[in-house]
Every structure is written in structure tokens, then in C-alpha cells.
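Residue numbering for the sequence shown follows numbering that gives the first Met the number 0, beginning at 0 and increasing consecutively.
What follows is one structure encoded as C-alpha cells, with my remarks underneath.
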Amino acid sequence: MDFYEEPYFGFGTKMSKYLMSFSVFVCFVVLSVVSFFLNLGGSVYLLQSGLEQTAAKPLISELFYGYLIVYYSDMPSKYMADHIQEQYECCGAYSPMDWKNVRLPVPNTCRNQITGNQFHLSCGEAVSRYLELFTGLSSGMALIVCFLQLWTFLFVVLIRRGHFRKSQSVENNQDYNED
0 MDFYEEPYFG
10 FGTKMSKYLM
20 SFSVFVCFVV
30 LSVVSFFLNL
40 GGSVYLLQSG
50 LEQTAAKPLI
60 SELFYGYLIV
70 YYSDMPSKYM
80 ADHIQEQYEC
90 CGAYSPMDWK
100 NVRLPVPNTC
110 RNQITGNQFH
120 LSCGEAVSRY
130 LELFTGLSSG
140 MALIVCFLQL
150 WTFLFVVLIR
160 RGHFRKSQSV
170 ENNQDYNED
């Protein structure tokens with residue numbers, strides 16, 4: 000059995016020919032370009048407008064208001080509402096008056112544990128501010144991924160170009176040797 004007839008070399012050779020095929024290359028280029036522009040567009044949109052222009056803040060407030068409605072009947076919702084109010088020092092979904100709107104007493108988690116003063120910031124606003132900090136970080140990471148995509152794209156195009164030139168020179172040498 001010859002060295003190059005090993006099954007691993009045969010599989011590798013077949014895969015390299017498949018991966019160097021024009022259709023796979025075009026598919027890679029199209030998907031890379033689409034992925035790059037989606038990533039870049041999302042990053043630019045988040046950096047430009049932040050969470051204020053998105054529907055995140057009303058969605059957070061509505062979700063938290065749902066926790067208030069089932070506060071005493073659903074223990075996971077009670078735990079989540081208490082945890083959010085203590086962690087972010089906020090009270091209510093839209094305002095501290097939400098507790099009176101759902102006819103429930105204001106819980107102790109809406110108060111500063113040391114002074115006993117009630118928090119005046121709504122939880123929708125507090126969580127939105129917290130998430131706003133991470134939009135810049137995630138947008139920066141997405142822009143780094145865009146940069147890496149450009150380098151990968153350039154690298155693959157250069158490899159493809161070199162492979163094409165090599166195959167052309169091999170064909171030219173074979174034609175020259177046949178004469």
C-alpha cells in the first residue's frame with residue numbers, strides 16, 4: 000500500500016478539492032458579506048440610538064408589571080420582582096404608584112434597607128440604564144468581529160487566488176511537457 004493511498008490522505012484530498020470548488024467559494028463569499036453587513040448594521044444602530052430608540056424599555060416595564068400582578072400568587076415572580084427591586088434600587092414597573100394600582104402594599108424591597116426611604120426610580124428605567132451600559136460593550140465586540148471577518152475574507156480570497164494560480168501553472172507546465 001502506497002503512502003498516499005492511506006484513507007486519511009484520500010479523504011483530505013477529496014475535501015480540499017470540494018472546499019476549493021467555485022460554488023463553495025461563492026457561497027462562503029455571499030454568506031460572509033451578508034453576515035458582515037448585518038453585524039455592522041446592528042452595531043451602528045445600537046451605538047447610534049442605544050436602548051432608548053428600541054422597544055426594550057417598554058418591554059422591560061411590561062414584563063415587570065406582569066410580575067407585580069401575580070406577586071403573591073406566583074412565588075418565582077415574587078422572587079424575581081424582589082430581586083430586581085433590591086439589586087437595582089427601584090420600585091414598580093413604571094413608578095412606585097404601580098403597587099397601589101394593583102392594590103398591593105409596597106414591599107420592603109422597594110425601600111433602602113438602611114434608611115427605610117422608598118426608591119423613586121422605576122424598575123423599567125433602572126434595568127434599561129443597566130442594559131445601556133452593555134450595548135456599547137456588545138457593539139464594540141461586534142465591530143471587532145467585523146474586523147476579524149474582513150481579515151478572514153481577505154485571507155480566504157488570497158488563498159483561493161493562490162490556489163487558482165498554482166493550478167493554472169500546473170496546467171501550463173503539463174501542456175508544455177506534452178509538446
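We put the beta carbon where it would ideally sit given N, CA and C, even for glycine.
What does the Cβ neighbour count give for residue i, buried or exposed, with the cut at 16 atoms within 10 Å?
i, result
"Y78", "exposed"
"L45", "buried"
"A92", "buried"
"Q84", "buried"
"A125", "buried"
"F146", "exposed"
"I59", "buried"
"A141", "buried"
"T114", "exposed"
"S22", "exposed"
Give the straight-line distance between the Cα atoms of residue i and residue j, rounded to the nearest whole angstrom.
i, j, result
"W98", "Y70", "10 Å"
"V32", "L136", "23 Å"
"G41", "G65", "29 Å"
"P57", "G123", "7 Å"
"V28", "S127", "37 Å"
"D73", "F63", "13 Å"
"V156", "Q148", "12 Å"
"H119", "Q52", "23 Å"
"I158", "N38", "24 Å"
"C89", "L103", "16 Å"
"N107", "Y87", "14 Å"
"S166", "C26", "21 Å"
Who does residue i pair with in a DSSP beta bridge?
i, result
"Q117", "R110"
Report the CB separation of residue i from residue j in whole angstroms; it is logged as a contact under 8 Å.
i, j, result
"P95", "Q117", "6 Å"
"L67", "V105", "11 Å between Cβ atoms; not a contact."
I need the boundaries of the alpha helix (DSSP H) containing residue i, first residue and last residue.
i, result
"A92", "Looking at the DSSP string, A92 is not in any alpha helix (DSSP H), and its letter there is neither H nor E."
"A54", "Note, A54: premise wrong, no alpha helix (DSSP H); not H, not E."
"V23", "21 to 48"
Strictly under 8 Å for the Cβ-Cβ distance: is residue i near chain D by that measure?
i, result
"V29", "The structure shown has no chain D; it contains just one protein chain."
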